[in-house]
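*Asks:*
Residue numbers (my numbering): -3 to 78.
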């Protein structure tokens, strides 16, 4: 999610009580794991989109096991690399 200002190793604060909206960065379940994607409204419903155009978007379909787990509210970056 580098294109969204989130770098590898950043600490994400996720609020599960926040209702997700179009354009929010969310944590979602996908293929048995968790992923961080942008939530987008489409004509057919909702999709999870990567900030990197080299990665595909995925429809949000509970029948396929895709669920929105929570909304990313903060990303904390380290100022020094150790």
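Backbone N, C-alpha and C define an ideal beta-carbon position, used for all residues, glycine too.
Please read all numbers here as calculations on a predicted model, not as lab measurements.
1) Where do the N-terminal and C-terminal ends of the beta strand (DSSP E) with residue 34 fall, by residue?
2) Which partner residues of residue 23 appear in the DSSP bridge assignment?
3) Residue 39 to residue 61, Cα distance in whole Å?
4) Looking at the unbroken beta strand (DSSP E) that takes in residue 45, where does it start and where does it end?
5) Measure the Cβ-Cβ separation of residue 58 and residue 44 and say whether it is below 9 Å.
6) Does the Cβ-Cβ distance between residue 67 and residue 12 come in under 9 Å?
7) Skipping 5 residues on each side, what residues in its chain have a beta carbon closer than 6 Å to that of residue 7?
*Replies:* Let me lay it out:
1) Reading the chain shown from its first residue, position 38 is the one you call residue 34. Per DSSP, residue 34 is one residue of the beta strand (DSSP E) stretching across 29 to 38.
2) Locating residue 23 in the chain shown gives position 27, counting from the first residue. Paired residue(s): 32, 66.
3) Within the chain shown, numbered from 1, the residue matching residue 39 stands at position 43. Within the chain shown, numbered from 1, the residue matching residue 61 stands at position 65. Spanning the two alpha carbons is a distance of roughly 21 Å.
4) The count along the chain shown starts at 1 and reaches residue 45 at position 49. Element bounds for residue 45: 41 to 45.
5) If you number the chain shown from 1, residue 58 lands on position 62. If you number the chain shown from 1, residue 44 lands on position 48. No.
6) On the chain shown, residue 67 is found 71 positions in, with the first residue counted as 1. On the chain shown, residue 12 is found 16 positions in, with the first residue counted as 1. Yes, Cβ-Cβ distance for residue 67 and residue 12 is below 9 Å.
7) Translated into positions along the chain shown, residue 7 becomes position 11. Once the five neighbours on either side are set aside, the close Cβ partners of residue 7 are 72.
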